[in-house]
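To convert a position in the sequence shown, counted from 1, into my numbering, add 128. Input: a single structure, listed below in structure tokens.
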Amino acid sequence: MAKDLDLFAKAMAGAAVKPLKSRRRRSDSSPPLGGEARRGGDDVRSPLSQPLPLTGERRKREAAQELSLDDAGFDRDISRALSRGKLVPQASVDLHGMTVAAAERAVRAFLDRAVAQDLRLVLVVTGKGVRLEGGRVFGGRIRAELLGWLNRVDNRTQVRAVRAAHPRHGGSGAFYVLLRRRSSASNRSLRAVPQR
């Protein structure tokens, strides 16, 4: 260890090293979040003990960090088969005509049933929204919210990946959801579900 430190010191001897700019530090007058406040009997909880509700920009930021609409969670063969419309989802739920709250509950119940049945690939149909004359999409709130719902902690443990569906299965108004395997004993392959 001492040899490493000597080598490092020699390597840095000729280098022009300048310190980082100092950052503002937390003032000592603010109470600590850790153990001292808890020992006093106060009901002080760690900021991480209860998750904040996902709203607005925070929901978009967390969705971008976790699940996304790319092929990151799909292996190459499954991704290729999905893009060609060769795989058939094992179950689907249609959210057309539902309120945002009802659609969220329906997605949660659907995922629970699909996991209980040990399904791997399911389809969630959200709809595309209303297209205006200029080609702009108006509405589509359920479609916009779906990724945020799937990124919530209780759903995230069940969902492996999400991507837009093939036009045969709804195109941009529907999403394939790849579910995680429940156990290693379950070795169901998606390749066993051919296109009909």
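Don't be surprised by glycine CBs; every beta carbon is placed ideally from N, CA and C. Quantities reported herein were computed from a predicted structural model and do not represent experimental measurements.
Take V235, set aside five residues on each side of it, and the residues of its chain with a beta-carbon closer than 6 Å to its own are W277, in chain order. Of the candidates L133, F303 and A141, the residue whose Cα lies closest to the Cα of K256 is F303.
CA-to-CA, the gap between A231 and F238 works out to about 10 Å.
F303 carries a strand assignment under DSSP once its states are collapsed to helix, strand and coil. Of the candidates T254, V216, G262 and A137, the residue whose Cα lies closest to the Cα of I270 is T254. Contact check for A289 against L274 fails: the beta carbons are separated by 8 Å or more. Shown here, A144 sits in coil according to DSSP, grouped into three states, outside any helix or strand. Counted as a single uninterrupted DSSP element, the beta strand (DSSP E) harbouring R288 occupies residues V287 to A292. A direct Cα-to-Cα measurement between G225 and A244 gives close to 26 Å. In the three-state scheme derived from DSSP, where H, G and I count as helix and E and B as strand, V253 is classed as strand. Rounded to the nearest angstrom, the gap between the Cα atoms of P295 and R212 is 9 Å.
A direct Cα-to-Cα measurement between L210 and K149 gives close to 50 Å. About 6 Å separates the beta carbons of S220 and V250, which is inside the 8 Å limit, making them a contact pair.
Within the model, the alpha-carbon separation for R241 versus L133 is close to 58 Å. Distance from the CA atom of A229 to the CA atom of V252, rounded to whole angstroms, is 15 Å.
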